[in-house]
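A short write-up of the structure that comes next.
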Amino acid sequence: MIETRARPTLADESSSNARTLSHGRGGAGNMGKDRRPSAGVKDLETPTIKSEKYTTGRGGSGNIAKNDKTRPEVARAAQDVEIAATTKPEANFHIGRGGAANVASLSEQEKQKAKDSNKRRSTEIEREVKKGVNTVLEKVGLKK
1 MIETRARPTL ADESSSNART LSHGRGGAGN MGKDRRPSAG VKDLETPTIK SEKYTTGRGG
61 SGNIAKNDKT RPEVARAAQD VEIAATTKPE ANFHIGRGGA ANVASLSEQE KQKAKDSNKR
121 RSTEIEREVK KGVNTVLEKV GLKK
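Per full-length UniProt numbering, the very first residue in the sequence shown carries number 1; after that it's consecutive.
As C-alpha cells, then:
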C-alpha cells in the first residue's frame, strides 16, 4: 500500500515556535520539532527531602542524618555533589575522532597558564579534602 498523505517537511516544522532539535549524526533528515511541553517554573524547582532521615556521601551509618523539616536547605546542601575537578591540558591534545585537523596546539604562554591553573586547583582541592577530613574527625571526637 502506498502512503498518500503528505509528510511534513523541514519548512513545515520550522514554521511554528517550537524548538528545532537535531537527532542522530546530522543531515536534514535528522532535524525535527521538539514536541515535548516546555519546562515550567515548577519543573525547575529543586525538590525537598520528605523523609525523617537522609543519606549523604557514598554509604555507611556516618552518612545518615536526621532531616530538620524546618530547614530543608540543610539536607539539600548535604546531598549536593561537587563537580568533578578537571585539569586544563598542558600540552597539545587531540579532540574529535582523530586526524591532524583535530590536534589543538597550545602556545608556550597557554601551556604555562594551564600548569599554573592546575597547580592552584590541585592545592585548593587538597585544602578542601583536609578540611573535610578534619571536620569528620572532630565530629566523631577524634580531633579537637
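Just so you know, even glycine gets a beta-carbon here, dropped at the ideal spot from N, CA and C.
Quick one: give me the first and last residue of the alpha helix (DSSP H) that residue i is part of.
i: Gly132; result: Glu108 to Lys139
i: Arg76; result: Pro72 to Gln79
Have a look at residue i and residue j and give me their C-alpha separation to the nearest angstrom.
i: Glu108; j: Ala28; result: 42 Å
i: Lys33; j: Pro47; result: 29 Å
i: Lys111; j: Arg97; result: 23 Å
i: Asp12; j: Ser22; result: With a pLDDT of 47 at Asp12, under the threshold of 50, the modelled position of this residue cannot be trusted; read the value that follows with caution. Using only the alpha carbons, I get a separation of about 16 Å.
Check the DSSP bridge columns for residue i and list the partner residues they point to.
i: His94; result: Val103
Taking residue i as the reference, which of the options has the closest Cα?
i: Lys50; options: Ser61, Gly60 and Thr70; result: Thr70
i: Thr86; options: Ala65, Arg121 and Gly141; result: Arg121
i: Val136; options: Glu52, Thr56 and Leu21; result: Thr56
i: Asp68; options: Val103, Ala101 and Ala78; result: Ala78
i: Arg36; options: Arg19, Lys143 and Asn118; result: Arg19
Assuming residue i is part of the beta strand (DSSP E), what are its boundary residues?
i: Ala65; result: Ile64 to Lys66
i: Thr56; result: Thr56 -> no beta strand (DSSP E), and no H or E assigned at all.
At least one CB of chain D closer than 8 Å to the CB of residue i: is that the case?
i: Glu124; result: In the structure shown, chain D does not exist; there is a single protein chain.
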